[in-house]
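Written out below as structure tokens is the structure these notes cover.
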Amino acid sequence: MDNINSNENTVIACEERKLLALEATWEIEQLSILIIEISDKLDAETLAFRGLGARIKELNSTIMSAIGDENMENNELYMEIHKRPHPDNLKHI
Numbered sequence: 301m302d303n304i305n306s307n308e309n310t311v312i313a314c315e316e317r318k319l320l321a322l323e324a325t326w327e328i329e330q331l332s333i334l335i336i337e338i339s340d341k342l343d344a345e346t347l348a349f350r351g352l353g354a355r356i357k358e359l360n361s362t363i364m365s366a367i368g369d370e371n372m373e374n375n376e377l378y379m380e381i382h383k384r385p386h387p388d389n390l391k392h393i
């Protein structure tokens, strides 16, 4: 049984594999929230720690969208990851 099918522009995972990937991202999200909450209780020198937790949470959300939100455009995913538009505007994808 194939778990992943792909062509030039699309990867399609079986439902079980998608669920496993989403379960991993849900756990990452909870860990990033914990990092942010812990850093709130520490001194000002831990702002980088808090920022790290926030970025992990943000990237994890992007992964969840890429896996589970068919309406999320590739340009939007690129923007969330790189914080700037794609130079080619991803028109071909």
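The sequence shown begins at 301 in our numbering and counts up by one.
For every residue, glycine included, the Cβ atom is placed at its ideal position computed from N, Cα and C.
| Query | Result |
| --- | --- |
| Stretch pair the stretch 327-336 + the stretch 349-369: three plus CB contacts closer than 8 angstroms | yes |
| Host alpha helix (DSSP H) of E329 (start-end) | E315 to D340 |
| Endpoints, alpha helix (DSSP H) assigned at K357 | L347 to G368 |
| Distance CB(T325)-CB(I363) smaller than 9 angstroms | yes |
| Option in K318, I328 and E323 with minimal Cα separation from R355 | I328 |
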